[in-house]
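Student: The numbering used here applies: residue 70 is where the sequence shown begins, and numbers increase by one.
All residues carry an ideal CB built from backbone N, CA and C; glycine is no exception.
There's a structure below that I have some questions on.
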Amino acid sequence: MGIKHFREDERGSGLVLTLMVLLVLSILSVSIGMLTIGSHRLSVATRDDTSAYYVAEAGAVAAYENIQKEVLSAYVNNATEGSFYNNVSTIVTSQNGQSSVDFGAQFGSKPSATIRTEKTSGTDPQVFTIYSTGKVDGKERTVTKQITVEWFEKNTGGGGLPTLAAKGALLTKEDIKISDGVTINGNIYTDDNVNIPNGNINGNIYANGGVTITDGMLKGDIYTNSTKKNAFTIGGWINLRSSTLFHSNQITAEEVLKYPKNYTNFPRLEAKDNVWDSSSYLSNFKAYQSLLDQVKVPTETNTDFKKLPDKTIQKDQWNQYKVQDNGNLFLNSWMLDTYNLEIQDNIFFNKLVVGSGKTLTIDPMGGNHTILVDDLSVMSGTLNIVGEGTVTMVVTGKMAFNHTTYINNPGSSNQLVFIYTGPTPNFNYITKMNAHVIVLGNKGPVNISDSTINGVFLTDNNNVNNTSNNSVGPSNMMLIAPNAAVSLSGSYSINGTVIAKTFKMDGGASLKYADVATTGFPFGSTEVVADPDPEDIISSGTVIEN
70 MGIKHFREDE RGSGLVLTLM VLLVLSILSV SIGMLTIGSH RLSVATRDDT
120 SAYYVAEAGA VAAYENIQKE VLSAYVNNAT EGSFYNNVST IVTSQNGQSS
170 VDFGAQFGSK PSATIRTEKT SGTDPQVFTI YSTGKVDGKE RTVTKQITVE
220 WFEKNTGGGG LPTLAAKGAL LTKEDIKISD GVTINGNIYT DDNVNIPNGN
270 INGNIYANGG VTITDGMLKG DIYTNSTKKN AFTIGGWINL RSSTLFHSNQ
320 ITAEEVLKYP KNYTNFPRLE AKDNVWDSSS YLSNFKAYQS LLDQVKVPTE
370 TNTDFKKLPD KTIQKDQWNQ YKVQDNGNLF LNSWMLDTYN LEIQDNIFFN
420 KLVVGSGKTL TIDPMGGNHT ILVDDLSVMS GTLNIVGEGT VTMVVTGKMA
470 FNHTTYINNP GSSNQLVFIY TGPTPNFNYI TKMNAHVIVL GNKGPVNISD
520 STINGVFLTD NNNVNNTSNN SVGPSNMMLI APNAAVSLSG SYSINGTVIA
570 KTFKMDGGAS LKYADVATTG FPFGSTEVVA DPDPEDIISS GTVIEN
C-alpha cells in the first residue's frame with residue numbers, strides 16, 4: 070500500500086477545522102454562562118420577592134399580636150364603651166410607621182416591615198385594617214390583615230366599675246328636680262319621681278315613679294313603670310308631640326295622663342308589658358353603693374410608711390432652708406420655685422405645703438407608692454405627678470386650696486388617686502385636678518366650688534354641692550355619691566355622669582353625658598355581667614396581599 074501525501078493546497082486545513090470547533094465551543098460556553106447568570110439573577114429576584122411577601126406577612130402578624138395584647142388590657146381597664154373605643158383607636162394608630170419586627174440581615178441586606186393602619190368602619194364593633202409593607206433588597210410587597218374589635222357590657226370585678234346605664238347622664242335612687250331652664254344632655258334614670266318645673270332634656274327619661282313636666286324642652290321619650298293615676302303630669306304648655314310616653318299596660322292612657330284644660334301638644338302614647346328594666350338598673354345602683362365597702366384606705370397601722378431624711382436646699386449666714394424638715398415638706402420660700410421629689414417607698418408628712426407660684430413634682434420612679442399627709446396646703450401652687458408609676462395620696466386632716474391651684478396638670482387621672490378622710494372636704498378653687506378622688510367619713514358636706522376635676526369622684530357623704538360663680542371649665546367627672554343629695558348650681562358644668570341618692574339642678578348649671586377615663590381607679594364591683602373570651606373582644610382575618 071502506498072503512503073498518501075497531502076497535496077500542497079490542503080496544507081493547514083486541520084488547523085482551520087480545529088479553530089472552528091473551538092469557536093463553536095466558545096460560543097456555546099458563553100451562551101451557557103449567560104443562561105446560568107440570568108437564571109441565577111432570576112432566582113435571586115424571585116427569592117427576594119418571595120422574602121418580601123413573607124416579611125410583610127410576619128410584620129402584619131406581629132403588629133396584630135401587639136394590638137391584641139393592648140386591646141385586651143384596655144378592655145380590662147375601661148368601664149365604658151366610649152372610653153374603651155377611644156383607647157383602642159389610640160392603640161391601633163400608635164402602630165403607624167412602626168417596624169413591628171426586627172429582622173436580621175440576610176444575603177447582605179436587612180429586611181423591614183413597615184406598618185400602616187386605618188379604621189375601616191363601625192362604631193360597635195369597630196373594624197380596622199393593618200397594611201404591612203415588606204422590603205427586601207429593593208423588592209417590595211404589601212399585605213393586609215383586618216381586625217374586628219367589639220365592646221361587651223361588663224363588670225371587670227375589682228379595678229373596674231359597674232355597668233353604666235346606656236348614655237346615662239344621671240342615675241338616682243330617689244327624686245330628681247330640674248329647674249331654672251338648665252340643660253341635661255343624656256338619659257335620666259331613677260327609681261323614683263322626676264320633676265321638671267323648667268328644664269331642657271336632650272335624652273330619654275326612665276322612671277319607676279311619676280314624671281311631671283311644666284316648662285322647657287324634651288327631645289326624647291318617657292318611660293314610666295308607675296301604675297298610679299296621673300303618673301305623667303303636664304303642668305304647662307310644653308310641646309311633647311315629638312316624644313312618646315311608654316307606660317304600663319296595667320293602667321289606661323286616660324288614667325296615666327294629667328294635663329291642663331285645652332292642652333293639645335300631647336306625646337304619642339304606647340302601653341307595654343315591660344316598660345324598662347328597672348330591676349337591672351337597681352342592681353347596678355347597688356353595685357355602685359358596694360364600691361364604698363371595697364375602699365381600703367392606707368393608714369399607719371396597715372401600711373409601712375417612712376419619713377424622708379432632712380434635705381438642706383440652701384444654707385447661708387441668714388438662713389438654713391430645708392425642704393424636708395422633721396416630717397414636713399415646705400415649698401414656700403423665695404429660695405426655691407420648683408422641687409422634684411423622687412420616692413421609692415411609702416412616705417408620710419405631717420405637713421405638705423406648696424406656696425404661691427411654686428411647683429412640686431412627685432416622681433414615683435416607676436413604682437406604685439402611697440403618701441400619707443396630715444395637713445395639705447396648695448395655695449396658688451402646682452402639685453404634679455411625673456415619670457412612670459402611680460401615687461396614692463391620703464390626706465387625713467386639714468386641706469386647703471385657693472385660686473389658680475393645679476393638681477396633676479397636665480397629667481392624667483390614672484397617675485393619682487387622692488383620698489381624703491379629714492373633717493372638711495372642700496375641693497374649692499382648683500383650676501384643674503386630674504385624679505381619681507375618694508372622700509370618706511366626713512361629717513361636713515362635700516363642696517366643689519369653682520373647680521375642674523377630671524376623673525372618678527367617689528364619696529359616702531350625704532351631701533355634695535357643685536357650684537360655680539366664675540367661668541371654669543367643665544369637669545370630665547363620674548361623680549359617684551349613692552348616699553348623697555347632690556346639687557348642681559350656679560354655672561357649674563359636668564361632662565360625664567352623676568350617680569346620687571337625690572338630685573337637684575338649677576341656676577346656669579349643665580350636665581352632659583360623656584365618657585370618663587376610669588383607667589387606674591383602684592376599686593370595682595365583684596359582680597360579673599359579661600365574661601367574653603379574648604377572641605370575642607378582638608379577632609382578625611387572614612393575611613391577604615394588597
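In chain order, what residues of the same chain have a beta carbon less than 7 Å from the beta carbon of glycine 285, not counting five sequence neighbours either side?
Tutor: Excluding positions up to five away in sequence, the list reads Gly250, Ile265, Asn267, Gly268, Asn269 and Ile307.
Student: Between the C-alpha atoms of aspartate 605 and glutamate 219, what's the straight-line distance to the nearest angstrom?
Tutor: If you take the alpha carbons of aspartate 605 and glutamate 219, they lie about 7 Å apart.
Student: Below 8 Å CB to CB, which residues in the same chain sit around asparagine 299 once its five sequence neighbours on both sides are set aside?
Tutor: Gly279, Glu324, Val325, Leu326 and Lys327, listed in sequence order.
Student: Measuring alpha carbon to alpha carbon, tell me which of Ser349, Gln363, Val366 and Phe315 ends up nearest lysine 341.
Tutor: Selected option, being the one with the closest Cα: Phe315.
Student: When the Cα atoms are used, what is the spatial distance from glycine 576 to lysine 288?
Tutor: Distance between the alpha carbons of glycine 576 and lysine 288 is about 21 Å.
Student: Since serine 180 contacts valine 124 with CB under 8 Å, what's their CB separation in whole angstroms?
Tutor: For the record, residue 180 in the displayed sequence is proline; it is not serine. That belief holds up - the Cβ atoms of proline 180 and valine 124 are roughly 4 Å apart, short of 8 Å.
Student: Could you give the distance in angstroms between the alpha-carbon of asparagine 477 and the alpha-carbon of lysine 501?
Tutor: Near 8 Å, if we compare the C-alpha coordinates of lysine 501 and asparagine 477.
Student: According to DSSP, simplified to helix, strand and coil, what is phenylalanine 487?
Tutor: DSSP places phenylalanine 487 in strand when its eight states are reduced to three.
Student: What's the gap between the Cα of asparagine 532 and the Cα of glycine 565?
Tutor: Whole-angstrom Cα-Cα distance: 19 Å.
Student: What residues in its chain sit with their C-beta under 6 Å from that of glutamine 363, if we drop five residues either side in the sequence?
Tutor: Excluding positions up to five away in sequence, the list reads Phe592.
Student: Quick check on leucine 239: does DSSP put it in helix, strand or coil?
Tutor: If DSSP states are grouped into helix, strand and coil, leucine 239 belongs with the strands.
Student: Taking the alpha-carbon positions, what's the isoleucine 199 to tyrosine 357 distance?
Tutor: Straight-line Cα distance between these residues: approximately 39 Å.
Student: How far does the beta strand (DSSP E) with aspartate 584 in it reach, from first residue to last?
Tutor: It is not in any beta strand (DSSP E) - aspartate 584 carries neither H nor E in the DSSP assignment.
Student: Should the stretch 457-468 be regarded as contacting the stretch 520-529, the criterion being three or more beta carbon pairs within less than 8 Å?
Tutor: Because the criterion of three Cβ pairs below 8 Å is not met, the stretch 457-468 and the stretch 520-529 do not touch.
Student: If you drop the 5 nearest sequence neighbours on each side, which residues of the same chain put their C-beta closer than 7 Å to that of lysine 570?
Tutor: The residues are Thr241, Lys242, Glu243, Pro551, Asn552, Ala553 and Ala554.
Student: Identify whether lysine 43 lies in helix, strand or coil by the three-state DSSP scheme.
Tutor: The chain is shown from 70 up to 615; residue 43 falls before or after that span and cannot be answered.
Student: Just checking my contact of threonine 428 with asparagine 453 at CB under 8 Å: how many whole Å lie between their CB atoms?
Tutor: Indeed, because the Cβ distance is near 7 Å, the residues count as touching under 8 Å.
Student: Does DSSP put arginine 162 in a helix, in a strand, or in coil?
Tutor: Contrary to the premise, residue 162 reads as threonine rather than arginine in this sequence. In the structure shown, threonine 162 sits in a helix (DSSP, three-state: H, G or I).
Student: At which residues does the alpha helix (DSSP H) containing glutamine 363 begin and terminate?
Tutor: Per DSSP, glutamine 363 belongs to the alpha helix (DSSP H) from 347-363.
Student: Based on the DSSP output, what are the partners of alanine 569 in its beta bridges?
Tutor: Looking at the DSSP assignment, alanine 569 forms a beta bridge with Thr241 and Ala550.
Student: If you draw a straight line from the alpha carbon of glutamate 411 to that of isoleucine 282, how long is it in whole angstroms?
Tutor: Going from the Cα of glutamate 411 to the Cα of isoleucine 282 covers about 56 Å.
Student: Name, in chain order, the residues that DSSP records as bridge partners for serine 556.
Tutor: For serine 556, which the question treats as bridged, DSSP gives the partners Asn534 and Lys573.
Student: May I have a chain-ordered list of the alpha helix (DSSP H) segments no shorter than 4 residues that lie completely inside the stretch 448-514?
Tutor: If we require 4 residues or more, the stretch 448-514 turns out to have no alpha helix (DSSP H) run fully inside it.
Student: Going by beta carbon distance, what residues of the same chain come within less than 7 Å of valine 161, once the five residues before and after it are set aside?
Tutor: Excluding positions up to five away in sequence, the list reads Ile136, Thr186 and Phe197.
Student: Assuming isoleucine 320 is part of the alpha helix (DSSP H), what are its boundary residues?
Tutor: No alpha helix (DSSP H) holds isoleucine 320; DSSP gives it neither H nor E.
Student: Once the 5 residues before and after valine 130 are set aside, which same chain residues still bring their CB inside 6 Å of it?
Tutor: Counting only Cβ-Cβ distances below 6 Å, and skipping sequence neighbours, we find nothing.
Student: Could you tell me the distance, in whole angstroms, from the CA atom of serine 594 to the CA atom of serine 520?
Tutor: Unreliable placement is indicated for serine 594, whose pLDDT of 48 sits below 50; the coordinate value is still reported in the next sentence. Approximately 28 Å, taken between the alpha carbons.
Student: Report the three-state DSSP secondary structure of serine 295 (helix, strand or coil).
Tutor: Here serine 295 sits in coil by DSSP.
Student: When you compare the CB positions of threonine 183 and lysine 204, do they come within less than 9 Å of one another, or not?
Tutor: Going by C-beta atoms, threonine 183 is nearer than 9 Å to lysine 204.
Student: Could you give the distance in angstroms between the alpha-carbon of leucine 361 and the alpha-carbon of isoleucine 517?
Tutor: Cα to Cα, the separation comes out at about 20 Å.
Student: Give the DSSP-derived three-state secondary structure of serine 608 in the structure shown.
Tutor: If DSSP states are grouped into helix, strand and coil, serine 608 belongs with the strands.
Student: Just mark valine 90 as buried or exposed, buried being the case when its beta carbon has 16 or more other beta carbons within 10 Å.
Tutor: With fewer than 16 Cβ atoms within 10 Å of its Cβ, valine 90 is classed as exposed.
Student: Just the Cα atoms here: how many angstroms apart are serine 317 and glycine 304?
Tutor: So the two alpha carbons sit approximately 21 Å from each other.
Student: Measure the alpha-carbon distance for aspartate 443 versus proline 194 and round it to whole angstroms.
Tutor: So the alpha carbons of these two residues sit roughly 48 Å apart.
Student: I'd like to know if phenylalanine 417 contacts chain D, where contact means its C-beta is closer than 9 Å to some C-beta of that chain.
Tutor: Chain labels in this structure do not include chain D; a single protein chain is all it has.
Student: Among Gly610, Asn497 and Ala586, whose alpha-carbon lies nearest the alpha-carbon of tyrosine 561?
Tutor: Nearest of Gly610, Asn497 and Ala586 to tyrosine 561, Cα basis: Asn497.
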